[in-house]
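Novice: Protein chains in written order, with this note's numbering: chain X, 282 to 416; chain C, 91 to 290.
After the structure tokens below, expect a handful of questions from me.
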């Protein structure tokens, strides 16, 4: 049995083939292509950075268990089985480390006309960042 | 404010935490800002900066470093009675910082005032991401469970709880929000996290 899982992550959405959407697992090459993490003898690696991981738990018959992957990176993974969709959030550790460095996290967002603007495009100016809402 | 300080190497960036650009359009078109007015339907900025309510302001210096972390502040005193936030003091400090008359906070003060995100808050954000995707795909009934779960995980995250009300057919100015406000008062969990001003 095979299904397509919609994986929401890093502000994107990707479709990946899984055997069981309730406990999604994907092949190592799909993990690298989709999430940018490669399975190496040292663990899970992204560029020069590697995170040690229990490879017996991580790799099963269907590929890399996304739940174990998420736990290893301290990222939340929440799923909706009925609609075969999962959201892989950001690690509080990564977010906290970035904020504690005091370097303001960069972002690119559209204006009303759809034109993208980045915080880093304002380098050289003092910036008042204001998050607001109509609600 | 922007017009007054734009020549002094300063800009405002506003980020509307909305369901769609259309929710923000009347506000932006009325204000006709000269500075970037952006729309964030995925709650990216609250996730990156650990924001749990709006309005939240952050001061960022010329090198892109956080000079003053997340602070609740309105642009005017229109909501002062409701929120207890006095915008004038913030604007006075901001003006002094932009003009170079007064420093912002020291790095150690910035660190002291930061509430770094927790694992549970990040899980709530993931539940919100999932719920919001389901809503947009037309599965409102199934989204509800994930909105509720997000609210249980991070009851203090008003950006998620109040920000999802319109999508869920609730009135963010009505009883659903009143319940959150009362609970916050009873548990002494502030709805608006502000940096306590030291005497100027």
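From the three backbone atoms N, C-alpha and C, an ideal C-beta is built for every residue, glycine too.
Cutting at 8 Å between CB atoms, please list the residues of its own chain near residue 139 (chain C), excluding the five before and the five after it.
Specialist: What you label residue 139 (chain C) is simply residue 49 of the second chain in a count that begins at 1. Result list for residue 139 (chain C): 146, 148 and 160, in chain order.
Novice: Beta-carbon within less than 6 Å of residue 221 (chain C)'s beta-carbon, same chain only, minus the 5 sequence neighbours each way: which residues are those?
Specialist: As a first step, residue 221 (chain C) must be located in the second chain, where it is residue number 131. Within the same chain, residue 221 (chain C) has close Cβ partners 233, 236 and 237.
Novice: With 9 Å as the C-beta to C-beta threshold (strictly closer), list the residues of the segment 405-416 of chain X near chain C in chain order.
Specialist: Of all residues in the segment 405-416 of chain X, 405, 406, 407, 408, 409, 410, 411, 412, 413, 414, 415 and 416 have a Cβ within less than 9 Å of some Cβ in chain C.
Novice: Which stretch, first to last residue, makes up the alpha helix (DSSP H) that contains residue 269 (chain C)?
Specialist: As a position in the second chain, residue 269 (chain C) is number 179, starting the count at 1. Element bounds for residue 269 (chain C): 265-276.
Novice: Tell me, please, whether the CB atom of residue 361 (chain X) is closer than 7 Å to any CB atom in chain C?
Specialist: Here residue 361 (chain X) is taken as the residue at index 80 of the first chain, counted from 1. Answer yes: the Cβ-Cβ gap between residue 361 (chain X) and chain C drops below 7 Å somewhere.
Novice: How would you label residue 285 (chain X), buried or exposed, when you count the other beta carbons within 10 angstroms and need 16 or more for buried?
Specialist: By one-based count along the first chain, residue 285 (chain X) stands at place 4. Exposed: under 16 other Cβ atoms inside 10 Å.
Novice: Mapping the DSSP letters down to three states, classify residue 350 (chain X) as helix, strand or coil.
Specialist: Stepping through the first chain from its first residue, residue 350 (chain X) is reached at position 69. Three-state DSSP puts residue 350 (chain X) in a helix.
Novice: Am I right that residue 354 (chain X) and residue 332 (chain X) are in contact with their C-beta atoms under 8 Å? What's the rounded C-beta distance?
Specialist: The residue labelled residue 354 (chain X) in the question sits at position 73 within the first chain. The residue labelled residue 332 (chain X) in the question sits at position 51 within the first chain. Yes, residue 354 (chain X) and residue 332 (chain X) are in contact; Cβ-Cβ is about 6 Å, under 8 Å.
Novice: Opposite residue 294 (chain X) in the DSSP bridges: which residues?
Specialist: For the purposes of this step, residue 294 (chain X) is identified with residue 13 of the first chain, where counting begins at 1. For residue 294 (chain X), which the question treats as bridged, DSSP gives the partners X:289.
Novice: Ignore the nearest five residues each way along the sequence and tell me which others in residue 344 (chain X)'s own chain have a CB closer than 6 Å to its CB.
Specialist: Along the first chain, read from residue 1 onward, the residue named residue 344 (chain X) stands at position 63. Hits under 6 Å: 306, 307 and 308.
Novice: Tell me whether residue 257 (chain C) sits in a helix, a strand or coil according to DSSP, three-state version.
Specialist: Taking the second chain and counting its residues from 1, one reaches residue 257 (chain C) at position 167. Correct three-state label for residue 257 (chain C): coil.
Novice: Ignore the nearest five residues each way along the sequence and tell me which others in residue 388 (chain X)'s own chain have a CB closer than 8 Å to its CB.
Specialist: Here residue 388 (chain X) refers to the residue found at position 107 when the first chain is read from its first residue. So the qualifying residues of the chain are 399 and 400.
Novice: Would you be able to state if there are at least three C-beta pairs under 8 Å between the segment 363-377 of chain X and the segment 106-113 of chain C?
Specialist: The answer is no - the segment 363-377 of chain X does not touch the segment 106-113 of chain C, with fewer than three Cβ pairs under 8 Å.
Novice: From the DSSP secondary-structure annotation, give me the bridge partner or partners of residue 455 (chain X).
Specialist: Look at the range of chain X in this structure, 282 to 416, and you will see that residue 455 (chain X) is not part of it.
Novice: When the cut-off is 7 Å and only beta carbons count, does residue 384 (chain X) lie next to chain C?
Specialist: Within the first chain, numbered from 1, the residue matching residue 384 (chain X) stands at position 103. Judged by the 7 Å Cβ criterion, residue 384 (chain X) is in contact with chain C.
Novice: Is the beta carbon of residue 402 (chain X) less than 7 Å from the beta carbon of residue 152 (chain C)?
Specialist: Residue mapping note: residue 402 (chain X) aligns to position 121 of the first chain, counting from 1. Residue mapping note: residue 152 (chain C) aligns to position 62 of the second chain, counting from 1. No.
Novice: I'd like the list of long-range same chain contacts for residue 291 (chain C), defined as Cβ closer than 7 Å, with 5 residues on each side in sequence excluded.
Specialist: Because chain C in this structure spans residues 91 to 290, residue 291 (chain C) falls outside the shown range and cannot be described.
Novice: Residue 392 (chain X) touches chain C at which residues, Cβ-Cβ below 9 Å?
Specialist: Sequence index remark: in the first chain, residue 392 (chain X) carries index 111 (1-based). Correct list: 111, 118, 126, 127, 128 and 129.
Novice: When you compare the CB of residue 388 (chain X) with every CB in chain C, is at least one pair closer than 7 Å?
Specialist: Taking the first residue of the first chain as position 1, residue 388 (chain X) is located at position 107. True, the Cβ-Cβ gap to chain C drops below 7 Å.
Novice: Please confirm whether residue 288 (chain X) and residue 297 (chain X) have their CB atoms less than 7 Å apart.
Specialist: The residue given as residue 288 (chain X) occupies position 7 in the first chain. The residue given as residue 297 (chain X) occupies position 16 in the first chain. For residue 288 (chain X) and residue 297 (chain X), yes; Cβs fall inside 7 Å.
Novice: Can you give the Cα-Cα distance for residue 191 (chain C) and residue 207 (chain C), rounded to whole angstroms?
Specialist: Here residue 191 (chain C) corresponds to residue number 101 of the second chain, with the count starting at 1. Here residue 207 (chain C) corresponds to residue number 117 of the second chain, with the count starting at 1. Going from the Cα of residue 191 (chain C) to the Cα of residue 207 (chain C) covers about 32 Å.
Novice: Can you tell me where the alpha helix (DSSP H) with residue 139 (chain C) in it begins and where it stops?
Specialist: Here the question's residue 139 (chain C) lines up with position 49 in the second chain. Residue 139 (chain C) -> alpha helix (DSSP H) spans 134-139.
Novice: Give the interface partners of residue 292 (chain X) over in chain C, defined as CB-CB distance under 8 Å, in chain order.
Specialist: Against the first chain, residue 292 (chain X) aligns to sequence position 11. The answer, in chain order, is 132 and 134.
Novice: Nearest-angstrom Cα distance between residue 349 (chain X) and residue 357 (chain X)?
Specialist: The residue you call residue 349 (chain X) lines up with position 68 of the first chain. The residue you call residue 357 (chain X) lines up with position 76 of the first chain. Cα-Cα distance, rounded: 11 Å.
Novice: On a Cα-Cα basis, can you pick out the residue from C:158, C:223 and C:189 that is closest to residue 383 (chain X)?
Specialist: As a first step, residue 383 (chain X) must be located in the first chain, where it is residue number 102. The candidate whose alpha carbon is nearest that of residue 383 (chain X) is C:158.
Novice: So which of X:318, X:336, X:368 and X:337 has the shortest CA-CA distance to residue 330 (chain X)?
Specialist: Numbered from its first residue, the first chain carries residue 330 (chain X) at position 49. Selected option, being the one with the closest Cα: X:318.
Novice: Going along the chain, which residues of its own chain have a beta-carbon closer than 6 Å to the beta-carbon of residue 200 (chain C), five neighbours each way excluded?
Specialist: In the second chain, counting from the first residue as 1, residue 200 (chain C) sits at position 110. The answer, listed in chain order, is 156 and 159.
Novice: What number of angstroms, rounded off, separates the C-alpha of residue 292 (chain X) from the C-alpha of residue 323 (chain X)?
Specialist: As a working mapping, residue 292 (chain X) is identified with position 11 in the first chain. As a working mapping, residue 323 (chain X) is identified with position 42 in the first chain. So the two alpha carbons sit approximately 28 Å from each other.
Novice: What residues in its chain sit with their C-beta under 6 Å from that of residue 303 (chain X), if we drop five residues either side in the sequence?
Specialist: Translated into positions along the first chain, residue 303 (chain X) becomes position 22. The residues are 362.
Novice: At 8 Å on the CB atoms, spell out the chain C contacts of residue 368 (chain X), in chain order.
Specialist: Counting from 1 along the first chain, the entry for residue 368 (chain X) is found at position 87. Chain C residues near residue 368 (chain X): 216, 217, 219, 220 and 223.
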